[in-house]
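Participant:
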Amino acid sequence: MDKKLIKNLAIAVVDSGVNVKKGDEVYVITSVHAIELTHEVVKRAYERGAKRVVVSYRDGELAKLDYEYQTEETLTNKPKFIYDERNYFADVNGCVINIICEDPNALEKVDARKITASRRADMRGLTPYYDKAMSHKIKWSIIAYPHPDWAKLMFPELDEKAAYEKLGEYIAKTTRVDNDDPVAAWKEHSARLARRCEKMNAAKIKRFHYKNSLGTDVWVGMPDGYVFAGGAEDCNGEMFNANMPTEEIFSAPDCNNIDGTIKAALPLCYQGKIIEGLELKLEKGRIVGYDAKTNRDVLGGIIETDDGAKSLGEIALVPYDSPISSLQTLFYETLFDENASCHFAIGRAYPTCVKGGDGMTKAQLKKIGLNDSDVHVDFMVGTKDLEITAETKDGKTLKIFENGNFTEEFN
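Each residue of the sequence shown is one higher than the one before, starting from 2 at the first, in this note's numbering.
Right under this line is the structure:
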């Protein structure tokens, strides 16, 4: 990526992403392959008045060695200091920036049981962080930077340099930084998503019905007081954009009221493993059957994480003709692929997806139908022929999606 685009990425994630204010403490989780962007992010955060910026670098090769040589017992009993750093930034209501720059296939040959076990341990160790992040009590944002192996996976027909440059162009385009004012571009985009949310919230929907030719045929109930959100989110009166890019509006389903079959429209890349042909069967909100063409054991590991992983925690609406979908390219990265397609998430719900949810206890959230789990894993279901209808609380039937896109009434 050229220097202007890198600088714009930094401006986007610092200004519009976590919206750094004077005195904020900032934590940057990044990759050894994204040093140039990391430097710009740190510089921009200090220019905005950050009190302290701490950087934590990841290296995919080191992660692979850990999985190869450490036992499952060691991977699941990590020293407390491994988690203390990120939890500290939750304690002080800091800002957390995550720069994704990885090879989606990096862990393909690693024992899936080790990955699943380690991930479960990490979610438990980072409970203070995730509790605040998912309740929007801290500002956090995820953005991406090109990785050579990621680029070659996406564009195998190109040489390494050309593939890398093309991935950089696609990241810039989808994150709205290929212009002179990325902050203004994000403000306009967030306003558009907010208008869609207002329409969905005003409709007072009781349940949705998804159906397409791929085989998805599912009824999804909604809890009383559901809230659709999207674009900029509120954190103690300060707005932030969690995902860059984002094209979704999302809410939480009633985890006790989901019935039918869901078939993924795109592969899911999870912890370096690519799951293709994902399929779920649900009855009364519970996953009673599942399958996959590849890495079925990884999918099973997700679902067996805990009781909450046997249900869904998110329902997200994304038009098939979104800017990411129009690229006609699989990113092999959920941050992008989920914004090319309507999707659900296995596991934990965002408490803010119901009125007053951020002030409720876990018991109160469970009582109204919001799911809880140590995992939150998005998978894509949107297709060109997806149709979504909705039944409202006053008995009306509404058409929400037709031919994969919002109908005019809800666009």
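No residue lacks a Cβ here, since even glycine has one placed at the ideal position from N, Cα and C.
Mind checking D25: buried by the 16 CB within 10 Å criterion, or exposed?
Facilitator: buried
Participant: When DSSP labels each residue in this structure, what does M155 get in the three-state scheme?
Facilitator: helix
Participant: Start and end of the alpha helix (DSSP H) containing L215?
Facilitator: No alpha helix (DSSP H) contains L215, which DSSP labels as neither H nor E.
Participant: Quick one: give me the first and last residue of the alpha helix (DSSP H) that L2 is part of.
Facilitator: The residue you asked about is not Leu; residue 2 is Met in the sequence shown. Neither: M2 is in no alpha helix (DSSP H) and is coded neither H nor E.
Participant: Determine the direct distance from the alpha carbon of S326 to that of D1, and round the result to whole angstroms.
Facilitator: This structure does not reach residue 1, given that the chain is present from 2 up to 412, and the question cannot be answered.
Participant: Output the residue ranges of the alpha helix (DSSP H) runs that lie fully inside the region 322-395 and measure 4 residues or longer, sorted by chain position.
Facilitator: 335-338, 363-368
Participant: Which one or two residues does DSSP pair with W141 in a beta bridge?
Facilitator: V97
Participant: Using 8 Å for Cβ pairs, my map puts P320 next to F407. What's the rounded Cβ distance?
Facilitator: 6 Å
Participant: Is the separation between the beta-carbon of G238 and that of A195 shorter than 8 Å?
Facilitator: no
Participant: Verify whether the separation of the beta carbon atoms of R287 and I250 is less than 8 Å.
Facilitator: no
Participant: Compare the beta carbon distance of I294 and I304 with 8 Å and say whether it is the shorter of the two.
Facilitator: Looking at the sequence itself, residue 294 is Lys, so the reference to Ile does not match. No, Cβ-Cβ distance for K294 and I304 is not below 8 Å.
Participant: What's the call for I276, buried or exposed, on a 16-neighbour Cβ count within 10 Å?
Facilitator: buried
Participant: With 16 as the cutoff for other CB atoms within 10 Å, does Y227 come out buried or exposed?
Facilitator: Under this definition Y227 is a buried residue.
Participant: Would you check if the region 210-229 and the region 354-361 touch, i.e. whether three or more CB-CB distances between them fall below 8 Å?
Facilitator: yes
Participant: Identify which residue in E73, G261, E315 has its Cα closest to the Cα of V289.
Facilitator: G261
Participant: Quick check: the Cα distance between R114 and R121, rounded to an integer number of angstroms?
Facilitator: 11 Å
Participant: What are the residues that DSSP puts in a beta bridge with E189?
Facilitator: Answer is none; E189 lacks a bridge partner.
Participant: Just confirm the distance between the C-beta atoms of T330 and M155, as a whole number of angstroms; I'd bet it's less than 8 Å.
Facilitator: Confirmed, Cβ separation roughly 6 Å.
Participant: I'd like to know whether the C-beta atoms of A173 and Y165 end up nearer to each other than 8 Å.
Facilitator: no
Participant: Return helix, strand or coil for Y227, following the three-state DSSP convention.
Facilitator: strand
Participant: Quick one: give me the first and last residue of the alpha helix (DSSP H) that T75 is part of.
Facilitator: 73-76
Participant: CA-CA distance, I98 and F90?
Facilitator: 11 Å
Participant: Could you give the DSSP three-state label for T39: helix, strand or coil?
Facilitator: helix
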